[in-house]
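When the letters of the sequence shown are read in order and numbered with UniProt numbering, they come out as residues 1 to 283. Just so it is clear, CB atoms sit at the ideal spot from N, CA and C, and this is done for glycine as well. What you are looking at is a predicted structure, and each value in this text was computed from that prediction instead of being measured. See structure below.
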Amino acid sequence: MKSSITSLALFLNLFIESTTASCGHGTSLARRKVHQKRSLSGEPVKHVEVGNFGYLGVNGPTNWQAIATENSVCKTSKVQSPIDINSASATLVEAGKLQLNFPEVEAAEFENLGTTIEVVMEGKNASTTVDGKTFELKQFHFHTPGEHTIDGEYFPLEMHMVHEAEDGAIAVIALPFQLCGGGGSTPLLNELVPTMDMILEPGTVAETGPLDFTALITSLNAQPFKTYAGSLTTPPCAEGLTFFVASQTLPLDVNTYNKMKKILGFNARFVQSPAGTENLLSM
């Protein structure tokens with residue numbers, strides 16, 4: 001009996017560790033875990049748990065299924081993300097059909113999960129409604145390079161706005177960014193830049209200044225989205241997510257990109273097989 005309990009405890013611990021920093025972080029798929037630590041001066045500071053997966057070597061996407069048993073679908077599932085989106089055949093959601101409610105926030109926690117940097121939005125009254133169903137915005141995080149490709153084209157950065165409905169359904173708004181000349185960048189990113197130097201190390205948490213989503217909403221309301229059924233792009237690669245991928249890119253200046261890339265490094269899963277076809281890793 002004791003050995004059974006020990007085995008169960010080890011399994012649960014593995015599950016928690018492997019999903020802590022997943023793309024579903026902050027939802028029912030992967031609850032956020034924050035602890036208090038002491039700084040060198042003795043002051044209490046917040047520290048967020050980081051995951052045990054990565055993007056290179058034995059911890060990378062080709063071996064996620066070996067890190068923990070619940071990651072098996074990363075290798076066997078036929079409905080995985082990200083994908084290459086074919087503009088000619090993609091299912092479109094018309095401009096304005098996503099009802100975006102992202103009020104300005106005075107501050108939000110900005111954290112380094114080791115595999116991405118993430119802004120925590122739970123409790124900020126931000127949401128998206130589509131076809132009468134409302135999804136609460138839990139967090140948004142970043143990937144360099146972007147994970148989805150559109151007609152075979154990669155983008156330097158992609159932001160995932162992760163939402164959850166009351167019934168546990170997950171929806172992700174994926175926003176590709178393109179480098180631009182003239183120094184112009186999406187205002188929301190500019191507002192995050194001052195805090196980035198405070199979260200250079202995995203596990204660190206800092207507080208942003210005010211975040212204004214007005215310009216972002218204006219841009220998103222003016223364009224259609226490409227939608228498909230997919231999965232988490234990180235372990236445990238759970239299926240059943242709905243992606244809404246913006247049709248147009250958002251501007252990103254080189255300085256902001258370099259600052260983000262310095263923290264993120266390479267954190268993109270490779271493009272997956274089209275839905276319903278054999279998983280590349282199972283061949």
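Proximal residues to residue i (C-beta, below 8 Å), its chain only, five neighbours per side dropped
i: Asn-13; result: Reliability fails at Asn-13, whose pLDDT of 44 lies under 50, so the model's placement of it is uncertain and no value is given.
i: Leu-192; result: Phe-110, Val-119, Thr-208 and Leu-211
i: Thr-256; result: Ser-185, Leu-189, Asn-190 and Val-193
Classification of residue i by the beta-carbon crowding that lies within 10 angstroms, buried from 16 upward
i: Asp-253; result: buried
i: Ala-171; result: buried
i: Glu-118; result: buried
i: Ser-89; result: exposed
i: Gly-265; result: exposed
i: Thr-208; result: buried
i: Gly-96; result: exposed
i: Pro-61; result: buried
i: Thr-115; result: buried
i: Thr-204; result: buried
i: Gly-54; result: buried
i: Ser-77; result: buried
i: Lys-226; result: buried
Residue i versus residue j - alpha carbon distance
i: Glu-122; j: Asp-131; result: 22 Å
i: Gln-272; j: Leu-281; result: 10 Å
i: Gly-181; j: Asn-190; result: 15 Å
i: Ser-18; j: Leu-211; result: Bear in mind that the predicted position of Ser-18 carries a pLDDT of just 45, short of 50, making it unreliable; the figure below should be weighed with that in mind. Using only the alpha carbons, I get a separation of about 30 Å.
i: Leu-200; j: Val-48; result: 13 Å
i: Ile-173; j: Gly-240; result: 14 Å
i: Thr-242; j: Pro-194; result: 32 Å
i: Ala-215; j: Cys-23; result: 25 Å
i: Asn-63; j: Val-79; result: 18 Å
i: Asn-221; j: Ala-238; result: 29 Å
i: Gln-99; j: Leu-179; result: 27 Å
Cβ pair residue i, residue j closer than 8 Å
i: Lys-124; j: Val-105; result: yes
i: Ala-229; j: Ala-165; result: no
i: Ile-263; j: Asn-59; result: no
i: Phe-135; j: Glu-158; result: no
i: Asn-267; j: Thr-144; result: yes
7 Å Cβ shell around residue i - same chain, five flanking residues per side excluded
i: Pro-82; result: Glu-147, His-148, Thr-233, Arg-269, Val-271 and Gln-272
i: Asp-84; result: Thr-149, Gly-152 and Val-271
i: Lys-75; result: Gln-65, Asn-279, Leu-281 and Ser-282
Integer-rounded CB distance, given that residue j should sit under 8 Å from residue i
i: Thr-27; j: Val-162; result: 6 Å
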